[in-house]
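Under full-length UniProt numbering, think of the first position of the sequence shown as 1, with each following residue one higher.
Idealized CB from N, CA, C, for every residue including glycine.
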Amino acid sequence: MENLNLKMKNYNSKFKSPACTETSAGKQNERVLRFLHSALSFCILIFTFYISPLFVFASDVYIDTGHSDFFVGDTIMFSVRIDSENKNINAVEGTVLLDYPTDTNIPRVPLDQQRGTLGILVDINTSGSKFSLWPGKPLPSVDNTSISFAGGSPGGLNSKDAIIFNIVLKLQEVGQITLTPNNFSVYLNDGKGTKDEVSVKNLVIDVLSKKSDSQSVDDWNNLTSNDKTPPEPFEIYLGQEGSVFDGKKFLSFSTTDKQSGIAYYEVIEGDLPPVRSIDTYILQEQNKSVKVTIIAYDSALNARESIYMYSPTPDNVSYPIIIIIVFVLLILVFVIYKRRRGFPPNE
């Protein structure tokens with residue numbers, strides 16, 4: 001009987017049905033797939049937390065314009081922009097190089113007085129800029145071949161195409177013009193002043209001969225002629241530091257203009273003649289009360305006025321001396337009070 005059972009087991013194992021075999025193989029394949037899925041999920045998790053931070057992209061500084069063709073006689077506005085690559089930044093500084101051939105026999109002079117050059121630097125403005133603080137307002141070099149600046153955004157910003165400032169050029173002759181961001185520094189809005197990695201892209205344009213049947217483009221005129229809004233209201237602050245302006249009192253002020261940008265400030269101190277300023281003004285009357293009027297003009301000459309009433313304070317008396325004088329006066333008042341009440345002073 002035992003031999004018979006053994007033979008039956010051998011027979012069943014030898015002639016096992018294909019369906020049973022396939023079911024077993026399917027379960028094994030399913031286990032393998034589950035294992036591979038778990039392994040893949042683990043690898044993705046490791047990549048996300050440990051490897052992906054290594055691939056954070058640098059902030060990208062570039063220059064663009066709304067035109068694709070450029071002709072002699074056109075006045076074009078170029079925007080210096082930054083793509084923060086999904087990071088929060090709060091400050092940018094650097095230089096933009098303006099590379100265009102010039103007539104070496106004709107000396108360079110400021111802005112639109114230039115002659116004999118392929119391009120004329122007409123204006124630098126902050127129209128549409130995402131930056132509102134300017135420790136270093138965008139200004140050209142003496143020969144107008146570069147523009148340096150330092151700008152900040154107090155609350156920080158995260159943008160793919162934030163305008164820093166604009167450059168307006170009038171195209172004078174046929175040739176090639178290159179605008180190159182140079183020595184840029186970008187700072188993260190992390191409270192530590194951490195520098196971000198920066199990549200830059202230059203812009204090269206080819207200036208062609210003017211078409212006889214076409215009208216010249218003038219971005220600058222279009223911008224200023226449509227700007228009817230004055231600059232934003234602003235405050236004036238009194239300051240005094242021993243390390244600046246020889247310790248003299250000065251006024252500081254700043255505002256923004258969303259359309260054509262701030263062109264300049266005009267300061268009127270008392271009866272003195274008006275003077276132009278950038279963002280600070282040293283008081284001429286340091287020891288006399290005076291009314292100071294500051295007028296902010298945008299590039300379309302719209303104006304916004306603010307007034308500061310200056311009253312000098314004594315700065316030759318120290319706080320300890322003031323405290324001693326007050327203390328002595330209090331003692332005298334107390335003694336007089338006791339005498340009037342009929343109490344003799346203590347022996």
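Buried versus exposed call for Val-333 [16 or more other C-beta atoms within 10 Å across all chains shown] = One-based indexing of the sequence shown puts residue 333 at position 333. Val-333 comes out exposed.
query = Relative to the alpha-carbon of Thr-256, which residue among Asp-271, Pro-231, Phe-250 and Ile-236 has its alpha-carbon at the smallest distance?
reply = Mapped onto the sequence shown, residue 256 falls at position 256. Nearest of Asp-271, Pro-231, Phe-250 and Ile-236 to Thr-256, Cα basis: Pro-231.
key: Where Val-317 sits in the DSSP three-state scheme   = Residue numbering aside, residue 317 sits at position 317 when the sequence shown is read from its first letter. A caution first: Val-317 carries a pLDDT of 47, below 50, which makes its placement in the model unreliable, though a value can still be read off. In this structure, Val-317 counts as coil in the three-state DSSP scheme.
ask   = Should Gly-242 be labelled buried (16 or more other beta-carbon atoms within 10 Å of its own) or exposed?
value = Mapped onto the sequence shown, residue 242 falls at position 242. Gly-242 is exposed by the Cβ-count criterion.
query = For the segment 245-327, which segments carrying the beta strand (DSSP E) assignment without a break, of at least 3 residues, lie completely within its bounds, in sequence order?
reply = 250-253, 262-269, 275-277, 280-282, 290-298 and 303-310
query = If you pair each beta-carbon of the segment 65-82 with each one of the segment 211-227, do three or more pairs fall below 8 Å?
reply = yes
query = If Gly-136 and Ala-91 are in contact, beta carbons under 8 Å, what's the gap, nearest whole angstrom?
reply = Counting from 1 along the sequence shown, the entry for residue 136 is found at position 136. Counting from 1 along the sequence shown, the entry for residue 91 is found at position 91. Gly-136 to Ala-91, Cβ: 11 Å. No contact.
ask   = Rounded C-beta distance between Leu-223 and Ser-260? I'm assuming under 8 Å.
value = Walking along the sequence shown from the start, residue 223 turns up at place 223. Walking along the sequence shown from the start, residue 260 turns up at place 260. Rounded, the Cβ-Cβ distance is 5 Å, consistent with contact.
query = When burial is assigned at 16 or more other CB atoms within 10 Å of the CB, is Ile-323 buried or exposed?
reply = Numbered from its first residue, the sequence shown carries residue 323 at position 323. Of the residues assessed, Ile-323 falls on the exposed side of the cut-off, its CB having fewer than 16 other CB atoms within 10 angstroms.
inquiry  = Please classify Asn-316 as buried or exposed, where buried requires at least 16 neighbouring CB atoms within 10 angstroms.
reply    = Along the sequence shown, read from residue 1 onward, the residue named residue 316 stands at position 316. Below a pLDDT of 50, predicted positions are generally treated as unreliable, and Asn-316, at 45, falls in that range; the measurement from the model is reported next regardless. Looking at its Cβ environment, which holds fewer than 16 other Cβ atoms inside 10 Å, Asn-316 is exposed.
task = Counting only the same chain and skipping the five closest in sequence on each side, list residues whose C-beta sits under 8 Å from that of Phe-78.
result = Residue mapping note: residue 78 aligns to position 78 of the sequence shown, counting from 1. Taken in chain order, the residues that qualify are Ile-63, Asp-64, Thr-65, Asn-166, Ile-167, Val-168, Leu-169, Leu-179 and Leu-203.
key: Between the CA atoms of Ile-307 and Ser-270 - distance to the nearest angstrom   = To locate residue 270, count along the sequence shown from 1; it is residue 270. To locate residue 307, count along the sequence shown from 1; it is residue 307. Strictly speaking, residue 270 in this sequence is Gly, with Ser absent from that position. Between Gly-270 and Ile-307, the alpha-carbon positions lie close to 11 Å from each other.
inquiry  = Let me confirm a value: Gln-172 is counted as buried when at least 16 other C-beta atoms fall within 10 Å, else exposed. Which label applies?
reply    = Counting from one through the sequence shown, the residue named residue 172 turns up at place 172. Buried, because 16 or more other Cβ atoms sit within 10 Å of the Cβ of Gln-172.
query = From the DSSP output, which residues share a beta bridge with Leu-62?
reply = Here residue 62 is taken as the residue at index 62 of the sequence shown, counted from 1. The question names Leu, but residue 62 in the sequence shown is Tyr. Under DSSP, Tyr-62 takes part in a beta bridge, and its partners are Arg-81.
ask   = By Cβ distance below 8 Å, which residues in the same chain neighbour Asp-279 in space, the five residues on each side in sequence not counted?
value = Position 279 of the sequence shown holds residue 279. Excluding positions up to five away in sequence, the list reads Trp-134, Lys-137, Ser-252, Phe-253, Ser-254 and Tyr-265.
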